[in-house]
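Below is one structure, written out as structure tokens; the observations come after it.
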């Protein structure tokens with residue numbers, strides 16, 4: 067436990083946040099979803115499942131990963147879920163990446 071705390075204390079909050087965002091972006095399908103949502107205001111999960119050649123359950127897992135990282139937000143409009151970029155978190159991610167690349 068002590069070693070775990072030392073490791074945790076070694077990294078900055080920004081490094082932890084950037085790693086979480088990078089992990090969420092670490093799959094081509096998620097990059098595709100983010101790109102699609104950046105070009106339009108929102109998208110329904112059903113529309114995404116028609117556009118992507120993957121199972122709905124797999125799509126749900128990718129959307130959950132992006133949502134858990136805060137990069138997208140979902141709003142239930144029964145029977146569908148509408149997904150949009152979380153513009154505030156997306157701006158934060160851009161700043162974190164810029165800081166990282168300019169260190």
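Numbering (the working numbering), first residue to last: 67 to 169.
For every residue, glycine included, the Cβ atom is placed at its ideal position computed from N, Cα and C.
Beta carbon of residue i nearer than 9 Å to that of residue j
| i | j | result |
| --- | --- | --- |
| residue 100 | residue 114 | no |
| residue 162 | residue 87 | yes |
| residue 147 | residue 120 | no |
| residue 165 | residue 136 | no |
| residue 158 | residue 83 | yes |
Residues that residue i bridges to, as DSSP identifies them
| i | result |
| --- | --- |
| residue 130 | Its beta-bridge partners do not exist; DSSP assigns none. |
| residue 162 | Answer is none; residue 162 lacks a bridge partner. |
| residue 151 | 138 |
8 Å contact criterion, which residue i and residue j should meet: CB distance rounded
| i | j | result |
| --- | --- | --- |
| residue 129 | residue 149 | 6 Å |
| residue 151 | residue 142 | At roughly 17 Å, the Cβ-Cβ gap does not stay under 8 Å, so residue 151 and residue 142 are not in contact. |
| residue 131 | residue 85 | About 14 Å; that fails the 8 Å criterion. |
Start-end ranges of the alpha helix (DSSP H) lying completely within the region 97-149, minimum 4 residues:
Entirely contained in the region 97-149, the alpha helix (DSSP H) runs reaching 4 residues are, in chain order, 111-117, 122-134.
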